[in-house]
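Residue numbers (the numbering used here): -10 to 850.
Glycine residues also receive a C-beta, built at the ideal position from the N, C-alpha and C atoms.
Have a look at the structure below, then the notes.
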Ligand code: TRP
Ligand code: ZN
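Written out as structure tokens, the structure reads:
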């Protein structure tokens, strides 16, 4: 039973029916007040089916009145419950006026209209509009919006909504009254309203057809200098979408607002993006290279939604990947073009191999187009977003870049102004490609991570190479039977003495063989070059093969991947063999030394080659995760490398020189490689002063964080000295304090519990702010395996307590936090018991939200 004692019933994709009513126009008036905002909504309604009542969604609304065509309805004319308003008799066509009150001040869930400090703002995706007014809160009801906002003129100089501003005046009561009109019909999840006082950065973009677009970025007073990178990123994104896909912006104004309280990264509301300030504000002193990268990519992401999401939206929420997978793919391509394509790809691959593979192996496994949903917020996942993007990428690989671009153009043209499905998208692709995509469609309906097994046989007498591939997708919790998928397997045949060859293999059966003739020398086969499919791979590589690929492959991702595979295997061997110790080949040290001595022009690439796989990546190789031995082997290898290569790390570090901070590819690479060297050296006692020096000499947050992270991993005195200084220095900057909180919470020593408690008392910590909560507790549960997975269960208990504390305030964020506990079946019996106890404690609470309930119950069942 839920809070309202309604049964918790999931919705199903299979039950979709078209809306019984359409709404052509929405005229919304919001009279802002923290305790009682009055929302008057005038809807032009048309009935599509005979004899049906009009059922509108609504939550936590105080209904004041309902009228049809000016006639006030009485209590007998409608029925009201905690989730809906049903009006029994509605003419074929009519005007419906609904007045209700809401209390943004008390909205801690940050869905609907809420307050971020003194700023009013909205978040309506997925189902937040129902907390603003009674409405058919589903993405396939598209209407044209006119919005009037009224608020105290002095305190709220800026009253914003979607589209174009059509009027502004101050009325006789001193209220500012602003009217907006959005000419593009949209679903209510794209509605937005903002009211506040800001610093504003303005600029202009001229589209390829010569239209002028006014750009406006709204940030907290005093933060204006931190907004320019975001604004520049926006212009780059606008230009990129024109050049790559011929897509132009369509309104005369594009606004971006940064707010401090936000559940996710950002939101693509038509003409009025709302951003988590973490993904807007940056300067050298307070933001890292990674922060800059994220800002550019998320600014791009939300901008790209203007076509893939807004002009063409989703028919229902099961189709979420239609806009998200596609838009992540687009933002990845954008980032690749703006900086290092290889590095972008490596980041994307890491995310798939850690979080996405883990999700596919968890009780929350779902296809990129889920079939059953209790709380939609729970399906904004790495599977829908990032595996979704991989599926789009495979499509591009299969069809080729040009055909793919034509398919996208056809899809957008065919469905402009409509709510579409994933099938519509695939149909457009199929139509331009004249290729049957029916087997490819399975990627949308089948969950789980396919395992590819690759073998090869070289016949010297016939000059033939035969390679074989098999695929097998293990059952997932919600889906047992799996079918063979169409998998593009990009390969490179590498030779010792001659030029390599690249081929695209299409695997569409359980097992397939491919014959290559005229092969005069046995090649080393690079499988899944550029991670051409989101799958696991098992191949028979020797150590030498992997090191050969790592130094010779054309694709940088393949080189990095070979090193990752090398380490994963060595660590796995060590785990299996225990303390006996695995011998590392001399060739390895030669190669590492070579990279350190001649790091080449792409320093970031070199940094990646020198980095060991992290705990999460290693863990995904196991059904049952050997936490303790994995952690200790990982440490042993790191220590060993530090000892064996100390001089090389130190020389490399010293040879890398860099001027004043600039966010620029070359410099990013230098900082990254220096950070990797520092990280290894921090393992050794005689390099502790280097940590102090790196910290003291830093003129930017990237280097400061490099010093802190290195010091933290070496578990020594230096860390407490540096983190104390850091915490004091930045005690007034919440976004930087988040970095401090995260560093504190990810310390591997057991003092972490006490120190987290101390941080909870920090003046800037607030349970109501998702960034703060995540900084402490996601860092703890995701980046501190040592303490989170303590055998005594103290880590699990801390997370369970946190989830229960947060759930009444912000269920969406609480449900995200609970994730690491769900996979309890993958740990040893003692840990299983402890994790399950933590989950049961959560499940045992009365009134837990649907968000948390859905995940916990799926995991315990
Ligand atoms: N559509 C947003 C994006 O990916 C995601 C988002 C922002 C969101 N805020 C949300 C999803 C709140 C669910 C709830 O760009
Ligand atoms: Zn998105």
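Query: For residue -8, which three-state DSSP category applies?; Result: Here residue -8 scores only 44 on pLDDT, less than 50, and its place in the model should not be relied on; the value that follows carries that caveat. If DSSP states are grouped into helix, strand and coil, residue -8 belongs with coil.
Query: What residue range is occupied by the uninterrupted beta strand (DSSP E) comprising residue 851?; Result: Residue 851 lies beyond the residue range present for the chain, which begins at -10 and ends at 850; the question has no answer from this structure.
Query: Using a 10 Å radius around the Cβ and a threshold of 16 neighbouring Cβ atoms, would you call residue 95 buried or exposed?; Result: exposed
Query: Return the chain-ordered ranges of every alpha helix (DSSP H) run that is complete within the segment 529 to 568 and spans a minimum of 4 residues.; Result: 532 to 541 and 545 to 566
Query: If you pair each beta-carbon of the segment 559 to 577 with each one of the segment 299 to 319, do three or more pairs fall below 8 Å?; Result: no
Query: Name, in chain order, the residues that DSSP records as bridge partners for residue 84.; Result: 33
Query: From what residue to what residue does the beta strand (DSSP E) around residue 818 run?; Result: Here residue 818 belongs to no beta strand (DSSP E); instead the alpha helix (DSSP H) covers 818 to 833.
Query: What separation, rounded to the nearest whole angstrom, lies between the Cα atoms of residue 101 and residue 150?; Result: 14 Å
Query: Considering just the uninterrupted stretch of the beta strand (DSSP E) at residue 104, what are its terminal residues?; Result: 101 to 105
Query: Only counting the same chain, and skipping five residues up and downstream in sequence, which positions put a Cβ closer than 6 Å to that of residue 650?; Result: 273, 688 and 689
Query: Spell out a yes or no on whether the segment 827 to 839 and the segment 329 to 337 are touching, meaning 3 or more CB-CB pairs, one atom from each, closer than 8 Å.; Result: no
Query: For residue 41, does the count of other Cβ atoms within 10 angstroms reach 16, so buried, or fall short, so exposed?; Result: exposed
Query: Sort 724, 740 and 685 by Cα distance to residue 755 and report the nearest one.; Result: 724
Query: Taking only the alpha-carbon atoms, compute the straight-line gap between residue 361 and residue 646 and give it to the nearest angstrom.; Result: 54 Å
Query: Is there at least one non-hydrogen atom of ligand 2 closer than 8 Å to the beta-carbon of residue 116?; Result: no
Query: Less than 9 Å between the beta carbons of residue 797 and residue 836, yes or no?; Result: yes
Query: Rounded to whole angstroms, what's the CA-CA distance from residue 161 to residue 238? Just pull it up for me.; Result: 38 Å
Query: Please return the same chain residues whose Cβ sits closer than 8 Å to the Cβ of residue 398, not counting the five positions on each side in sequence.; Result: 234 and 235
Query: Tell me whether residue 122 is buried or exposed, calling it buried when 16 or more other Cβ atoms sit within 10 Å of its Cβ.; Result: buried
Query: Alpha carbon to alpha carbon, what distance is there between residue 114 and residue 176?; Result: 10 Å
Query: Under 9 Å between the Cβ atoms of residue 736 and residue 776?; Result: yes
Query: Leaving out five residues on either side along the sequence, give the residues of the same chain with a beta carbon under 7 Å from the beta carbon of residue 374.; Result: 313, 314 and 317
Query: Going by the beta-carbon positions, is the gap between residue 560 and residue 623 smaller than 9 Å?; Result: yes
Query: Relative to the C-alpha of residue 466, which residue among 349, 802, 303 and 719 is closest?; Result: 349
Query: Where DSSP assigns a beta bridge to residue 408, which residues make up the other side?; Result: 302
Query: Which same chain residues, not among the five before or five after residue 457, have their C-beta less than 6 Å away from its C-beta?; Result: 444 and 502
Query: Using DSSP with H/G/I as helix, E/B as strand and the rest coil, what is residue 41?; Result: coil
Query: Could you check if residue 322 belongs to the surroundings of ligand 2, using beta carbon to heavy atom distance under 8 Å?; Result: no
Query: Measure the C-alpha to C-alpha separation of residue 178 and residue 131 and round it to an integer number of angstroms.; Result: 10 Å
Query: According to DSSP, residue 873 sits in a beta bridge with which residue or residues?; Result: Missing from the structure shown is residue 873; the chain here goes from -10 to 850 and no further.
Query: Ignore the nearest five residues each way along the sequence and tell me which others in residue 29's own chain have a CB closer than 6 Å to its CB.; Result: 18 and 88
Query: Among the candidates 394, 414 and 393, whose CA atom is the shortest distance from the CA of residue 403?; Result: 414
Query: Ordered along the chain, which non-local residues of its own chain (more than five positions away) have a Cβ less than 7 Å from that of residue -9?; Result: Legend: pLDDT at residue -9 = 40, less than 50; position of this residue unreliable, value from coordinates given subsequently. So the qualifying residues of the chain are -3 and 839.
Query: Relative to the C-alpha of residue 667, which candidate in 652, 655, 637 and 654 has its C-alpha closest?; Result: 637
Query: Could you pull the DSSP bridge partners for residue 477 from this structure?; Result: 495
Query: What are the boundary residues of the beta strand (DSSP E) that residue 110 is part of?; Result: 108 to 112
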